[in-house]
Amino acid sequence: MAKEGTQVLLPVEADAFAESLRCFTLQDVGNPQWSRQHESLEKLNIQAVVNASAQEDEFVKDCLITHDKIRVLVHDLLLTEVWKQKVFSELIDMDFNPKSTFPIYLILYHEGTVINLLETTFFYKETAEAAEDCIMDLLDYCYRKLTEIVARVEEEGDDTDELLNGNDVASTASSSSMEELERQDRKLTFEISVRALTLLRYITDHLDSLPLSVMTRILNTLDIPILLVQLVEMPPWSRSKAGKQYKFIDNKWQEVDFDDSWKITKIEGQIWIALFNLLMTPACQQKYDMNSYKKNTILKLRSFLTEPMLDQIPVLGEMQRFLEHLSMMDPPPPKKDVLLEQVPEIREGILKSNEGNWAKLAKKQAKTFLNPSESDLRTMAKRWADTYNFDVIEGLLSDPPKCAVCGEAASKRCSRCQNEWYCRRECQVQHWSKHKKACDLMNEATQKLKQAQTES
């Protein structure tokens, strides 16, 4: 819960930031103008989370709707996704070795900022309504993220060790800068996929207020119910290692005792609520093109509807009765409805306008704002420190900070940059070689800011 009085933006500031948001091109990603908009979005995002946590007036959502910026957010989200898939992969292939990984990490991190802001605001029906036709692009984005995370679970090369180790120093000490960025990207992508699930669930909450084509795309074009069944069967947010069970709870991996393993996490709850919305709503039942394969797949849910599950989400008792009824029915013949379906256009437009230019674009960006000078890096560090109000962020944390080295509860903070936490001096000394450059930049930027304030 946010501390009383914590504030990143005043309503008038949030309104100005929201009004200034605009769409960029792929060539712009990472440049100074794009970076300034990232700072605005990060502040809007933090303020939206503060308001939601404190159950206060959610003026950030109102500002975005008033200035018709939901489409801008969706475009920004998809632009970053394409950059990661096309340009970032080219940078890896060309063995790019930047002086600092900070500019690239900022772009990778940006996708999480935007989807977090969308997730927070889409809790409300009016946000989904304001999205209009770009909600199709958002649906397809969520589908891609969830199918990607399912594919990672199915791959032979299990990523459990990497996910559970987190920022393990030993595992990254021998990595190149780009290899470390790839690892960070996989971690961020996992967290983004979790947010995509929540966002998808919110859209299913608002189906009665959205165009019929949205329901058609969810049910029959993308077949989201079958995807959700796969997530129930093979949950990516539940892993086992060395005889221990881990679950992804509150945005981090936590060991779960055997006695608590039956408790439903927030993520698991989102899946079941989305399934309930799509399988139990009369309009969805009429629209869904059921066949034998889909019927048999959906019936697999029966084995998961145990008594402890029904005790935690009682409304699933209705779904249990529906599934028993479905098991005794033959699927109806396929429908022959004629419907002009809206199709997603934003991502396709970004891909077409840059087709064949990925390597050229990567080389150009590698020579410019992805490899800035020392002075530019100091400026970026100063702006980064200004963007993140650490007192407000700490007010949102329910758990104590974790040591950057061993992950234990930490009570000591780097005295220079005030950014990294440690449980004891030995861990700080061990981490210093990796932390020193960032610490120097942050400290120098902070000192210059204080000097400028004194002179003024």
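So the sequence shown is numbered by this note's numbering: it starts at 87 and just counts up by one.
Using N, Cα and C, we set each Cβ at its ideal position, and we do this for glycine too.
All values derive from a computational prediction rather than experimental measurement.
Going by C-alpha to C-alpha distance, which of Leu-159, Glu-205 and Leu-224 sits closest to Ala-138? Counting from one through the sequence shown, the residue named residue 138 turns up at place 52. Taking only the C-alpha atoms, the option nearest Ala-138 is Glu-205.
Grab the span of the alpha helix (DSSP H) containing Ile-353 for me, first residue to last. In the sequence shown, counting from the first residue as 1, residue 353 sits at position 267. For Ile-353, the enclosing alpha helix (DSSP H) has its first and last residue at 352–366.
Assess, as a yes-or-no matter, whether the region 208–215 is touched by the region 160–171 under the definition of 3 or more beta carbon pairs within less than 8 Å. no
Thinking C-alpha only, which one of Pro-184, Glu-142 and Leu-127 is nearest Thr-199? Your numbering for residue 199 matches position 113 in the sequence shown. Checking every option, the nearest Cα to that of Thr-199 belongs to Leu-127.
Might you give, ordered along the chain, the residues of its own chain that have their beta carbon closer than 6 Å to the beta carbon of Leu-224, omitting 5 neighbours on each side? Residue 224 sits at position 138 when you count from the first residue of the sequence shown. Taken in chain order, the residues that qualify are Val-160.
Are there three or more Cβ pairs, one per stretch, closer than 8 Å when the region 94–111 is compared with the region 445–453? no
Whole-number beta carbon distance between Leu-296 and Glu-221, since they are thought to touch under 8 Å: On the sequence shown, position 135 is the one that residue 221 refers to. On the sequence shown, position 210 is the one that residue 296 refers to. The amino acid at residue 221 is misidentified as Glu; the sequence shows Ile. Going by Cβ atoms, the distance from Ile-221 to Leu-296 rounds to 7 Å, so yes, they are a contact pair.
Tell me the DSSP bridge mates of Trp-507? Counting from one through the sequence shown, the residue named residue 507 turns up at place 421. Its beta-bridge partners are Arg-499.
Looking only at its own chain, which residues have a Cβ that is under 6 Å from the Cβ of Val-158, when we skip the five neighbours before and after it? For the purposes of this step, residue 158 is taken as residue 72 along the sequence shown, with counting starting at 1. For Val-158, where only same-chain residues beyond five positions count, the Cβ hits under 6 Å are Leu-107 and Cys-109.
Assuming the contact rule is C-beta atoms closer than 8 Å, Thr-284 and Gln-356 should be a hit. Round their C-beta distance to whole Å, please. In the sequence shown, residue 284 corresponds to position 198, counting from 1. In the sequence shown, residue 356 corresponds to position 270, counting from 1. Contact flag correct, Cβ pair sits at about 5 Å.
Alpha carbon of Glu-197 to alpha carbon of Val-315, nearest angstrom: Stepping through the sequence shown from its first residue, residue 197 is reached at position 111. Stepping through the sequence shown from its first residue, residue 315 is reached at position 229. Near 26 Å, if we compare the C-alpha coordinates of Val-315 and Glu-197.
Pairwise C-alpha distance: Met-395 and Trp-348: Here the question's residue 348 lines up with position 262 in the sequence shown. Here the question's residue 395 lines up with position 309 in the sequence shown. So the two alpha carbons sit approximately 8 Å from each other.
Quick one: Cα of Asp-143 to Cα of Glu-176, how far? Taking the sequence shown and counting its residues from 1, one reaches residue 143 at position 57. Taking the sequence shown and counting its residues from 1, one reaches residue 176 at position 90. Rounded to the nearest angstrom, the two C-alpha atoms are 44 Å apart.
Measuring CB to CB, does Tyr-229 end up less than 8 Å from Leu-163? Stepping through the sequence shown from its first residue, residue 229 is reached at position 143. Stepping through the sequence shown from its first residue, residue 163 is reached at position 77. No, they are not a contact pair.
To which residues of the same chain is Leu-385 closer than 7 Å at the C-beta, ignoring the five residues directly before and after it? Counting from 1 along the sequence shown, the entry for residue 385 is found at position 299. The residues are Leu-409, Leu-412 and Ser-413.
Between which two residues does the beta strand (DSSP E) carrying Gln-113 extend? For this step, residue 113 is matched to residue 27 along the sequence shown. It is not in any beta strand (DSSP E) - Gln-113 carries neither H nor E in the DSSP assignment.
When the Cα atoms are used, what is the spatial distance from Val-491 to Gln-331? Position 405 of the sequence shown, counted from the first residue, corresponds to residue 491. Position 245 of the sequence shown, counted from the first residue, corresponds to residue 331. Near 22 Å, if we compare the C-alpha coordinates of Gln-331 and Val-491.
With a threshold of 6 Å on Cβ separation, who are the neighbours of Ile-310 within its own chain once the five nearest residues in sequence on each side are excluded? Position 224 of the sequence shown, counting from 1, holds the residue named residue 310. Counting only Cβ-Cβ distances below 6 Å, and skipping sequence neighbours, we find Ile-304.
DSSP three-state assignment for Ser-324, whether helix, strand or coil: For this step, residue 324 is matched to residue 238 along the sequence shown. Residue state, collapsed to three classes: strand.
Report the residue ranges of all alpha helix (DSSP H) runs contained in full by the region 183–254; include only those spanning at least 4 residues, in chain order. You should have 188–207, 211–217, 221–240 and 246–251.
Taking the continuous alpha helix (DSSP H) assigned at Val-342, which residues delimit it? If you number the sequence shown from 1, residue 342 lands on position 256. Element bounds for Val-342: not the alpha helix (DSSP H) but the beta strand (DSSP E), 338–342.
Sort Glu-125, Leu-313, Val-239 and Gln-514 by Cα distance to Tyr-195 and report the nearest one. As a position in the sequence shown, residue 195 is number 109, starting the count at 1. Selected option, being the one with the closest Cα: Glu-125.
Rounded C-beta distance between Leu-130 and Val-146? I'm assuming under 8 Å. One-based indexing of the sequence shown puts residue 130 at position 44. One-based indexing of the sequence shown puts residue 146 at position 60. That pair is a contact at about 5 Å.
Using the C-alpha atoms, what's the distance from Phe-344 back to Lys-520? The count along the sequence shown starts at 1 and reaches residue 520 at position 434. The count along the sequence shown starts at 1 and reaches residue 344 at position 258. In this structure, the CA atom of Lys-520 is about 37 Å from the CA atom of Phe-344.
In whole angstroms, what is the alpha-carbon distance linking Pro-118 and Phe-188? As a first step, residue 118 must be located in the sequence shown, where it is residue number 32. As a first step, residue 188 must be located in the sequence shown, where it is residue number 102. For Pro-118 and Phe-188, the distance between alpha carbons rounds to 14 Å.
Buried or exposed by the 16-neighbour rule on C-beta atoms within 10 Å, applied to Phe-390: Residue mapping note: residue 390 aligns to position 304 of the sequence shown, counting from 1. Flag for Phe-390 reads exposed.
Report the three-state DSSP secondary structure of Lys-468 (helix, strand or coil). Within the sequence shown, the letter at position 382 stands for residue 468. Lys-468: helix per DSSP, three-state reduction.
Using the three-state DSSP reduction, which class does Phe-174 fall into: helix, strand or coil? Position 88 of the sequence shown holds residue 174. In the structure shown, Phe-174 sits in a helix (DSSP, three-state: H, G or I).
With Ser-363 and Thr-290 assumed to form a contact (beta carbons below 8 Å), what rounded beta-carbon distance in angstroms separates them? The residue you call residue 363 lines up with position 277 of the sequence shown. The residue you call residue 290 lines up with position 204 of the sequence shown. Note that residue 363 is Asn in the sequence shown, not Ser. Contact holds; Cβ gap of about 4 Å.
How far does the beta strand (DSSP E) with Phe-334 in it extend, from its first residue to its last? Translated into positions along the sequence shown, residue 334 becomes position 248. Residues 330–335.
Presumed contact (8 Å Cβ cut-off) between Asp-219 and Cys-149, rounded CB distance: Looking up residue 219 in the sequence shown gives position 133. Looking up residue 149 in the sequence shown gives position 63. About 22 Å separates the two Cβ atoms, so there is no contact after all.
Check Lys-155 in the structure and name its three-state DSSP category. In the sequence shown, counting from the first residue as 1, residue 155 sits at position 69. Coil.
Taking C-beta to C-beta, are Asn-457 and Lys-155 nearer than 8 Å? For the purposes of this step, residue 457 is taken as the residue at position 371 of the sequence shown. For the purposes of this step, residue 155 is taken as the residue at position 69 of the sequence shown. The answer is no: Cβ separation not under 8 Å.
Paired residues, beta bridge with Lys-488 - DSSP: In the sequence shown, residue 488 corresponds to position 402, counting from 1. Paired residues: Ala-495.
8 Å contact criterion, which Leu-232 and Leu-317 should meet: CB distance rounded: Counting from one through the sequence shown, the residue named residue 232 turns up at place 146. Counting from one through the sequence shown, the residue named residue 317 turns up at place 231. Leu-232 to Leu-317, Cβ: 7 Å. Contact.
Ile-235 and Ser-279 - do their beta-carbons sit closer together than 8 Å? Taking the sequence shown and counting its residues from 1, one reaches residue 279 at position 193. Taking the sequence shown and counting its residues from 1, one reaches residue 235 at position 149. Yes; because the gap between Cβ atoms is below 8 Å, this pair is in contact.
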